[in-house]
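*Asks:* Structure in structure tokens, see below.
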Amino acid sequence: MPRFVFQMVLAAFVFLGCSSDDGTSNNQGNGNNNGSGNGGGNSGINIGTGDVTRNATPCQSGMADIYPCNGYDLLFQMDLGAFGGNSGNDIWGWTDPTTNNEYAIVAMDNGTSFVDITDEANPVYLGKLPTATVSSGWRDVKVYGDFALIVAEASNHGMQIFDLKKLRNVSNPPQEFSSDARYTGIGNAHNVVVNELNGFAYPVGTARNDAFNGGVHFIDIQTATSPNGVGGYGTNGYTHDAQVVTYNGPDADYAGREIFIGANESFIAIADITDKSNPQQISTFTYGNIGYTHQGWFTEDQRYFILGDELDETDFGFNSRTLVFDMTDLDSPQLHTTYIGPTSAIDHNGYVVGDEFFLANYTAGMRVLDISDIENENITEKAFFDTYPSSNVAQFDGVWSVYPFFSSGKIIVNDINSGLFVLQKSN
Ligand SMILES: [Ca+2]
Ligand SMILES: [Ca+2]
Ligand SMILES: [Ca+2]
Ligand SMILES: [Ca+2]
724 MPRFVFQMVL AAFVFLGCSS DDGTSNNQGN GNNNGSGNGG GNSGINIGTG
774 DVTRNATPCQ SGMADIYPCN GYDLLFQMDL GAFGGNSGND IWGWTDPTTN
824 NEYAIVAMDN GTSFVDITDE ANPVYLGKLP TATVSSGWRD VKVYGDFALI
874 VAEASNHGMQ IFDLKKLRNV SNPPQEFSSD ARYTGIGNAH NVVVNELNGF
924 AYPVGTARND AFNGGVHFID IQTATSPNGV GGYGTNGYTH DAQVVTYNGP
974 DADYAGREIF IGANESFIAI ADITDKSNPQ QISTFTYGNI GYTHQGWFTE
1024 DQRYFILGDE LDETDFGFNS RTLVFDMTDL DSPQLHTTYI GPTSAIDHNG
1074 YVVGDEFFLA NYTAGMRVLD ISDIENENIT EKAFFDTYPS SNVAQFDGVW
1124 SVYPFFSSGK IIVNDINSGL FVLQKSN
């Protein structure tokens, strides 16, 4: 979310009161790794107990315990207290390639927690990696191979690099973890993007006055514990969030190229970043009733890009609006259709799996959209699980993000107010 809005809305909260970052400081441009972890074992941070708040509860007659639902059951919930957190934010997942065990990586204000969700009847909270510097309401995590990459809007945070293989043998959980490396060529960052195919991490939303104007930094993580900054792209200014793909879509002009699609606050920017020393703008485009161009994701065929604007609901008063662009020609994308949801809640992060779009819809919870007929502009809601039962109003509460990529079909959700929910499609 745009931090200026979040700060206005929640300025009274203690967890933001300690954050002084304004997006204009604490970056050192294109520096390199300092090679060291962040110490650990004695941060004094509350790592929590890992207590399960709610056990398995099927969705029956539209409810799972107190949660409105359709088509998804609750497997278990661990609230923020289980992790010693004060506010939840991003979430991602890791599947151990040797055991196929599945892990939730749960980001929050004061650190990142790791939960083995393989056996939903006996989830194991393994431990927590504290923030590298101070707390922040904005933390973001992605995975490359066996490593988690973690950034935050905390002064001088840099990018933590955590070897997930350590989760295989935790003798006395939960424990306090330390990072295995930390890239300090950035300070604060709003998000981090990974191209899983080529071993680069791309922090975005860094300081607006840094070497790349708060755009994107290119960090070679092919040897993950030795991250190396090799450039960046700032032609289009500040990037809030992005996706980077090795392009395999319909525009033959860019076959096999590495393509960056940035959500740049008031427009979308597409660039060819294959040559890290000479990235090239492809196009920029915008749309009507713009609020804040927030985050988007390609359909699997890379023909359509599904975009969330985070402030259009509050600025214009319509229900949840998600925009779909036809990207057949990356040089000239076109607005294809607009999806309007059933509630007034704001749309946040969204991800595509097959013919489904998993939307983190703040106070309306997780929403699952059927995009199988997106070509004919037909998008319909097929399921939901509402982790924020008290309302569906347009405010920054409820689901921050959802990770729908586990092969087991488990869906993990991080709710700002009530932590980790692990869900599964109803039988
Ligand atoms: Ca994020
Ligand atoms: Ca919207
Ligand atoms: Ca083209
Ligand atoms: Ca709700």
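All residue numbers in the sequence shown are consecutive under this note's numbering, ending with 1150.
Positions of the beta carbon are idealized from the N, C-alpha and C atoms, including for glycine.
1) Look at Leu1082 and Thr1110 and say whether their C-beta atoms are less than 8 Å apart.
2) By the 10 Å Cβ neighbour count, where 16 or more other Cβ atoms means buried, how is Ile884 classified, buried or exposed?
3) Taking just the CA atoms, how far does Ile944 sit from Val1116?
4) Could you tell me which of Tyr1062, His880 and Glu1098 sits nearest to Leu1092, measuring between CA atoms?
5) Within a Cβ cutoff of 7 Å, which residues of the same chain sit near Asp813, ignoring the five residues on either side of it in sequence?
6) Indicate, with yes or no, if ligand 4 has a heavy atom lying under 7 Å from the CB of Asp1109.
7) Hey, which unbroken runs of the beta strand (DSSP E) at 3 residues or more fall wholly within the stretch 852-935?
8) Among Glu988, Ala992 and Tyr906, which one has its Cα closest to the Cα of Val953?
9) With DSSP as the reference, identify every bridge partner of Tyr961, one or two as the case may be.
10) What is the rounded straight-line gap between the Cα of Gly807 and the Cα of Pro1056?
11) Report the option in Gly771, Tyr1027 and Val838 whose CA atom is closest to the CA atom of Leu887.
12) Could you compute how far the alpha carbon of Tyr790 sits from the alpha carbon of Gly908?
13) Does the distance from the CB of Gly816 to the CB of Tyr1126 come in under 8 Å?
14) Rounded to a whole number of angstroms, what is the C-alpha to C-alpha distance between Tyr1085 and Asp1120?
15) Could you check if Pro926 is buried or exposed, using at least 16 other CB atoms within 10 Å of its CB as the buried criterion?
16) How long is the line joining the alpha carbons of Pro897 and Gly773, rounded to whole angstroms?
17) State the DSSP-derived secondary structure class of Gly804, mapped to helix, strand or coil.
18) Are the beta-carbon atoms of Asp802 and Gly1142 separated by less than 8 Å?
19) The alpha helix (DSSP H) with Asp1038 in it runs from where to where?
20) If you drop the 5 nearest sequence neighbours on each side, which residues of the same chain put their C-beta closer than 6 Å to that of Ala912?
21) Does the Cβ-Cβ distance between Ala877 and Val857 come in under 8 Å?
22) Would you say Phe1107 and Asn793 are within 8 Å of each other, going by their C-beta atoms?
23) Any heavy atom of ligand 1 inside 7 Å of the beta-carbon of Asp832?
24) Going by the DSSP bridge assignment, what does Cys676 pair with across the sheet?
25) Over the uninterrupted beta strand (DSSP E) stretch that includes His1071, give me the two end residues.
26) Alpha carbon to alpha carbon, how far is Ile1094 from Ala978?
27) How would you call Phe1039, buried or exposed, if buried means at least 16 neighbouring beta carbons within 10 angstroms?
28) Give the range of the beta strand (DSSP E) segment to which Phe1129 is assigned.
*Replies:* Reading it off the structure:
1) Taking the sequence shown and counting its residues from 1, one reaches residue 1082 at position 359. Taking the sequence shown and counting its residues from 1, one reaches residue 1110 at position 387. Result no, Cβ atoms of Leu1082 and Thr1110 do not sit closer than 8 Å.
2) The sequence position of residue 884 within the sequence shown is 161, counting from 1. By the neighbour-count rule (16 or more Cβ atoms within 10 Å), Ile884 is buried.
3) On the sequence shown, position 393 is the one that residue 1116 refers to. On the sequence shown, position 221 is the one that residue 944 refers to. Just so you know, the alpha carbons of Val1116 and Ile944 end up roughly 41 Å apart.
4) Here residue 1092 refers to the residue found at position 369 of the sequence shown. Nearest C-alpha to Leu1092: Tyr1062.
5) On the sequence shown, position 90 is the one that residue 813 refers to. Hits under 7 Å: Ala830, Arg862, Asp863, Val864, Trp1123, Ser1124 and Asn1137.
6) Counted from its first residue, the sequence shown places residue 1109 at position 386. Answer for Asp1109: yes, Cβ within range of ligand 4.
7) You should have 862-867, 870-875, 882-886, 904-906, 914-918 and 923-927.
8) Translated into the one-based positions of the sequence shown, residue 953 becomes position 230. With distances taken between CA atoms, Val953 lies nearest to Tyr906 out of Glu988, Ala992 and Tyr906.
9) One-based indexing of the sequence shown puts residue 961 at position 238. In DSSP, Tyr961 forms no bridge with anything.
10) The sequence position of residue 807 within the sequence shown is 84, counting from 1. The sequence position of residue 1056 within the sequence shown is 333, counting from 1. Taking the straight line from one Cα to the other gives about 44 Å.
11) Residue numbering aside, residue 887 sits at position 164 when the sequence shown is read from its first letter. Nearest C-alpha to Leu887: Val838.
12) Residue mapping note: residue 790 aligns to position 67 of the sequence shown, counting from 1. Residue mapping note: residue 908 aligns to position 185 of the sequence shown, counting from 1. Using only the alpha carbons, I get a separation of about 43 Å.
13) Taking the sequence shown and counting its residues from 1, the one referred to as residue 816 is at position 93. Taking the sequence shown and counting its residues from 1, the one referred to as residue 1126 is at position 403. Yes, Cβ-Cβ distance for Gly816 and Tyr1126 is below 8 Å.
14) Numbered from its first residue, the sequence shown carries residue 1085 at position 362. Numbered from its first residue, the sequence shown carries residue 1120 at position 397. Their Cα atoms are separated by approximately 6 Å.
15) Here residue 926 corresponds to residue number 203 of the sequence shown, with the count starting at 1. With 16 or more other Cβ atoms within 10 Å, it is buried.
16) Along the sequence shown, read from residue 1 onward, the residue named residue 897 stands at position 174. Along the sequence shown, read from residue 1 onward, the residue named residue 773 stands at position 50. Each residue's Cα considered, the two are about 7 Å apart.
17) On the sequence shown, position 81 is the one that residue 804 refers to. Secondary structure at Gly804: helix, using DSSP grouped into helix, strand and coil.
18) Counted from its first residue, the sequence shown places residue 802 at position 79. Counted from its first residue, the sequence shown places residue 1142 at position 419. Yes, the pair counts as a contact, with Cβ atoms nearer than the cut-off.
19) Position 315 of the sequence shown, counted from the first residue, corresponds to residue 1038. Per DSSP, the continuous alpha helix (DSSP H) segment holding Asp1038 begins and ends at Asp1035 to Phe1039.
20) Taking the sequence shown and counting its residues from 1, the one referred to as residue 912 is at position 189. Around Ala912: Val874, Pro926, Gly928 and Thr929.
21) Numbered from its first residue, the sequence shown carries residue 877 at position 154. Numbered from its first residue, the sequence shown carries residue 857 at position 134. Yes; because the gap between Cβ atoms is below 8 Å, this pair is in contact.
22) Position 384 of the sequence shown holds residue 1107. Position 70 of the sequence shown holds residue 793. Cβ distance < 8 Å, so Phe1107 and Asn793 count as in contact.
23) Taking the sequence shown and counting its residues from 1, one reaches residue 832 at position 109. Every heavy atom of ligand 1 is 7 Å or more from the Cβ of Asp832, so no.
24) No statement about residue 676 is possible, as the shown extent of the chain runs from 724 to 1150 and does not include it.
25) Position 348 of the sequence shown, counted from the first residue, corresponds to residue 1071. The continuous stretches of beta strand (DSSP E) do not include His1071, and DSSP gives it neither H nor E.
26) Stepping through the sequence shown from its first residue, residue 1094 is reached at position 371. Stepping through the sequence shown from its first residue, residue 978 is reached at position 255. Approximately 24 Å between the Cα atoms of the pair.
27) Numbered from its first residue, the sequence shown carries residue 1039 at position 316. By the neighbour-count rule (16 or more Cβ atoms within 10 Å), Phe1039 is not buried but exposed.
28) In the sequence shown, residue 1129 corresponds to position 406, counting from 1. Looking at the DSSP string, Phe1129 is not in any beta strand (DSSP E), and its letter there is neither H nor E.
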